[in-house]
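Residue numbers (UniProt numbering): 1 to 907. I have placed the structure first, in the form of C-alpha cells, so that the comments after it can refer back to it.
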C-alpha cells in the first residue's frame, strides 16, 4: 500500500482475502454449492499470491457469491472499491458451453450492525444493491510451464450516498472462469490545511463525485478576519478549491512562512492589521515587549494628534529670539527671530499674549477685546505682528509664545519671550455720534459724547459743516447759527489733545426748520457737497441723549465714487475669501458661493459678486455703487453686506449667503408646500425690510419676488439695489421695458412711475402688492402672458389682478389697497406691517377665501380681428397663442367652439 494517495482512506485491503465468507447458490434452486476456492496463483510479475478463484463454466446456471465481512463506513458518504482480477477467455476453453461468461457483478448492502456470519445465507434475505457489472479489459488464454499466464485487470467503482454505520460487499459469479486477486475499499477526503492564514479541518467529500462540500475556516493564532465568511470547497476528488475570505496578521504580528503570525520582537512595531512587516521604532521612541502596536515616545518627546505611528516623536520648540519693537503712538510692531530648536517639526507657529499693566508693574490684566492684531493674534506663521487700538501712555507686556503640533502634549508652559513697551501720546479716537438737541429756522444745537478712547485730556473739538465758518468751541455742545431755513447740513466733528486731532466722525445730517417744529438729528442725507466750514468747541462734560434717524445718501452724489465705497463698505482682505462654486451670472460678472473667515470671527458662507476683466471705470463705479448702497443698511430683512475687495482682482462684493435663493423660483419649486401663515410670515418680513428702507428715504424701484432672497429659515430679505443702472443703461432682461428713455419692470411698477418716472415709497408699495400676489400664487408670472403694453392699458382701465387660488380675501384686499391709483391713499409700509401682524396674531381672519370680483369687462376675443377667424378649432387657437396646455380646461368647461370662446370675459 505504499505510495497510495493521501486523499484516500482505506477501509480494508484484502491481499490474501483471508476471512471472507463464500457461498454458492443456484439461481432457481435453494441448494448450495461452494464454487469459490482459495488457492495460490501468480500475479502479472509471476509472484506467488493467494486468490479466490471460480471456474465452473461447464455447468449451466451458475450463481456463486463471495461475501466480505462487515466494513465500518467511518462517516464516509461515498465508497470507492478497487478490484484486481483475471478472467479466462471463453474461446480458449475447449468444448465450453454457451453459458460461459467473462464478467461478474459487484453488489453492496448497507446496515447498522454485523448481521452476516459463516453459517448464514445472508444474501438470500438482504436486498443487495448492484454497483456494476465488471468486465475485463484483457482476458488470458495461454498456458506456460503448466501454469496460467495471467493478464491482471484493475477496475475502480464507487457507490453512495451511505448513511448507516457500515456495509457488506458481495461478488457474484454467474459462469466465468476468473480469479479475484485483491480488493481495496476506501473513501476520499480533503486533508486539514492552512491557507490564507486560516485553518480548514479535514473534510469528507460529498455523496456524489461532483459534490462540493463547504468547509468553514478559523483564523490562525494572532490573526483576524479580513473578509467573511472564510471558507473553502472540497471537491469529489479530495481537492480544495474556490477560496473565499481570508485572515491577516493582527497589529503587532507579522506573517512568517505564509501561514504563521509571528510577534514583533522588542524594538519593532506593527501599527495595523494586514500583510505588512514589523518596522523598527522611529527616532525618539521604543518598544520593550513583543507584539508592540506602537512605539512609546521617550521622556520629553511626543506625537501630535495628526502624527502617524511610523513618524518620529518630537519635542516642543525653544523660545523665540531677538524680539524688537516699534512704537507709534498707540500702535506697536513686534518682530522676532525663529527659535533655535524647532523640536524636530516644521509646524512652529506663534501666539501673542497681551497684558495691560499698572505703571508700577504691580499688576497686569488681559488687554481689551478691541485691541487689534494683524494678521492675527494666534497661530501666526510669520515672525511679525502689528498691534493697534492700544491706550496711550500705558505700559503693556507682550508674551510671544512659540508652539508646534506637540506643545499641547507637554505638561510645561509654552516656551516664550516677554517684552514690555509703553505707548506714546496719541490723538483721540473718532467721535461715535452727534445728537441734535433743538433746531430753529436759522440754527440748530448739537451735542456728542466723548470719544471712546480720548487718549489723554481733550483740549477742544473741531466742528466741520457746509456753508458757514465759526471760531473754535471749547465744549462738546455747539449752537450753529446763521443757517438757511429748511436746509439740510452735513456736519462732522473731531477731538484734539496735545497729540493732535483725531479723525472726523461720520457725516451727520441736520436740518433747519421751515415751520418752527423741533427736528431731531439725521444721518446720511442725499445732498451735494459744498464748501466746508469749521468750528472748534472746548471740552465739556455735558452729553446729549437725543436719538438720531439715519437718512440714505445716494453714492452718485459723490464727486469721487471711491469715497462712497470707502465710507460705507468695509474693505476685505482677499486672503479671507474662498470661492467655491458658480451659482449665477450678474450684469458685471459671475456670482459665486464661497466662504469668508475674518480674523477673530467664525467662518461663514457668503455670496460673491465679481467684476469681470476688461471693465472700464464707469462699469467699476456702477458695480460698486450697489455696495455703497447696501453698506448703509442694517436690518434683518435687508441683505447684509460683508464687505468689498477693491485692492486686488477680481473686484468683489461679498454679501451674506441665502441658501434658498430667489423667492420666485423658490416658491415655484415648492408649489403648495407652505401654509397661509407661513406665506404671510414671508410677506411680513419683506414689508418690514421695506418699512426700514422707506424710513431711510430710500426708494427701491425694483421690488419683485426675483429680488427677494430666502435663507434656510425662510427669512426673506430685500436685495438687488442696482435699478438706478437699469434706468440709465440698456439691458436684455425681459422683465424691463423702455419707458421715457429708461428700463422699467412694467408688471411691478406703479402707473405714475411708468408714465412720469415718479418713484416714491408709494410706488414701492404698489410693487409690494404685486409681490404679495406672487407669493400667494407660488411664483406665477403677474399678468401671465399679456404683453407689457397690454398690462399698461389694462391698469389704466382699472383692471387689477384677481386673487390667486385659495387666497384669503383679507390678503387680496390688502393687495388692492396697494394698487390704488392715487398714490396718496395707498397704505404705508408701517401700516402694512401692522396689518400683517394682526393677521398672524388672529389666523381666523385668513379663513375667508376671496372670490373673483364680478366687474364689467370686455370680451377677451374680438371676432372682428381677422387672425381669430383663421382658426378652425379651439385647439388650433390655443396652440397659436402658446396655451395648448389649457385645452382640456376649455373643453371640460363647455367652451367647445370658437363662437363660445369669443363670448368669454375676464370673469
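Virtual Cβ for every residue (Gly too), placed ideally from N, Cα, C. These figures come from a predicted structure and were not determined experimentally.
- [ ] Throw me the rounded Cβ distance for the residue 79 and residue 106 pair, which I believe falls under 8 Å.
- [x] Between residue 106 and residue 79 the Cβ distance is about 11 Å, and since that is not below 8 Å, they are no contact.
Task: Start and end residues, beta strand (DSSP E) containing residue 255 - done: 253-256
Open item on the list: Relative to the C-alpha of residue 313, which candidate in 304, 321 and 320 has its C-alpha closest?
Closed with: 304
Open item on the list: Tell me whether the segment 385-397 and the segment 342-361 touch, counting them as touching only if at least three CB pairs, one residue from each stretch, are closer than 8 Å.
Closed with: yes
- [ ] Please report how far the alpha carbon of residue 914 lies from the alpha carbon of residue 394, in whole angstroms.
- [x] Nothing about residue 914 can be reported from this structure: the residues present for the chain run from 1 to 907 only.
- [ ] Given a cut-off of 8 Å, decide if residue 745 and residue 821 are closer than it, judged by their beta-carbon atoms.
- [x] At a Cβ-Cβ threshold of 8 Å, residue 821 and residue 745 do not count as neighbours.
Open item on the list: Please report the distance separating the alpha-carbon of residue 205 from that of residue 177.
Closed with: 37 Å
TODO: Please report how far the alpha carbon of residue 321 lies from the alpha carbon of residue 328, in whole angstroms.
DONE: So the alpha carbons of these two residues sit roughly 22 Å apart.
Open item on the list: Taking its Cβ as the centre, do 16 or more other Cβ atoms sit within 10 Å of residue 728, making it buried, or is it exposed?
Closed with: Low confidence applies here, because residue 728 scores a pLDDT of 37, under 50, leaving its location unreliable and the question unanswered by this model.
Task: Cutoff 7 Å; reference residue 635; Cβ partners in own chain excluding five residues on either side - done: 689 and 692
TODO: Under 7 Å Cβ to Cβ from residue 565, same chain only, skipping five residues before and after it: list those, please.
DONE: Spatial neighbours of residue 565 in its own chain (CB-CB distance under 7 Å, excluding positions within 5 residues in sequence) are listed in chain order as 624, 627, 628, 644 and 646.
Open item on the list: Looking at residue 293: is its Cβ nearer than 8 Å to the Cβ of residue 252?
Closed with: yes
- [ ] For residue 700, decide whether its Cβ has a neighbour in chain D, counting only Cβ atoms nearer than 8 Å.
- [x] Within the model displayed, chain D is absent; a lone protein chain is all it includes.
Task: Span separating the alpha-carbon of residue 818 from that of residue 481 - done: 43 Å
TODO: Give the straight-line distance between the Cα atoms of residue 701 and residue 425, rounded to the nearest whole angstrom.
DONE: 50 Å
- [ ] Go to residue 771, then tell me how far its beta strand (DSSP E) extends in each direction, as first and last residue.
- [x] No beta strand (DSSP E) contains residue 771, which is instead part of the alpha helix (DSSP H) from 761-776.
Open item on the list: Looking at the secondary structure, which residues open and close the beta strand (DSSP E) in which residue 504 lies?
Closed with: Premise fails: residue 504 is in no beta strand (DSSP E) and is neither H nor E.
Task: Through-space distance from residue 761 to residue 484, alpha-carbon basis - done: 28 Å
Task: For residue 463 and residue 428, the rounded distance between their alpha carbons - done: 15 Å
TODO: Give the secondary structure of residue 272 by DSSP, where H, G and I count as helix, E and B as strand, and everything else as coil.
DONE: coil
Task: Alpha-carbon spacing of residue 577 relative to residue 568, whole angstroms - done: 20 Å
- [ ] Would you check if there are 3 or more beta carbon pairs closer than 8 Å linking the segment 80-100 to the segment 229-237?
- [x] no
Open item on the list: Does residue 851 come out as helix, strand or coil in the three-state DSSP assignment?
Closed with: Here residue 851 sits in coil by DSSP.
Open item on the list: Out of 891, 299 and 271, which one is the CA nearest neighbour of residue 411?
Closed with: Of the candidates 891, 299 and 271, the one whose C-alpha sits nearest the C-alpha of residue 411 is 299.
TODO: Under 8 Å by Cβ, that's how I've got residue 53 and residue 39 pegged, so tell me the actual separation to the nearest angstrom.
DONE: So it is a contact: roughly 5 Å between Cβ atoms.
TODO: Taking the CB atoms as reference points, tell me whether residue 419 and residue 513 lie closer together than 8 Å.
DONE: no
TODO: Take the Cβ of residue 797 as the centre, count every other Cβ of all protein chains shown within 10 Å, and call the residue buried at 16 or more, exposed below.
DONE: exposed
Open item on the list: Strictly by DSSP, which residues pair up with residue 263?
Closed with: DSSP lists 253 as the bridge partner or partners of residue 263.
TODO: Could you tell me which residues DSSP puts in a beta bridge with residue 643?
DONE: 654
Task: At least three beta-carbon pairs within less than 8 Å, the segment 585-598 to the segment 665-685 - done: no
Task: Reference residue 768; option with closest CA among 847, 806, 680 and 414 - done: 680
TODO: On a CA-only basis, which of 348, 438, 191 and 400 is nearest residue 373? Give me that one, please.
DONE: When only C-alpha atoms are compared, the closest one is 400.
- [ ] Taking residue 835 as part of the alpha helix (DSSP H), name the residues at either end of that continuous run.
- [x] 829-841
Task: With 16 other Cβ atoms within 10 Å as the buried cut-off, status of residue 258 - done: exposed
Open item on the list: Please report the distance separating the alpha-carbon of residue 139 from that of residue 102.
Closed with: 8 Å
Task: Buried/exposed call for residue 188, threshold 16 Cβ in 10 Å - done: buried
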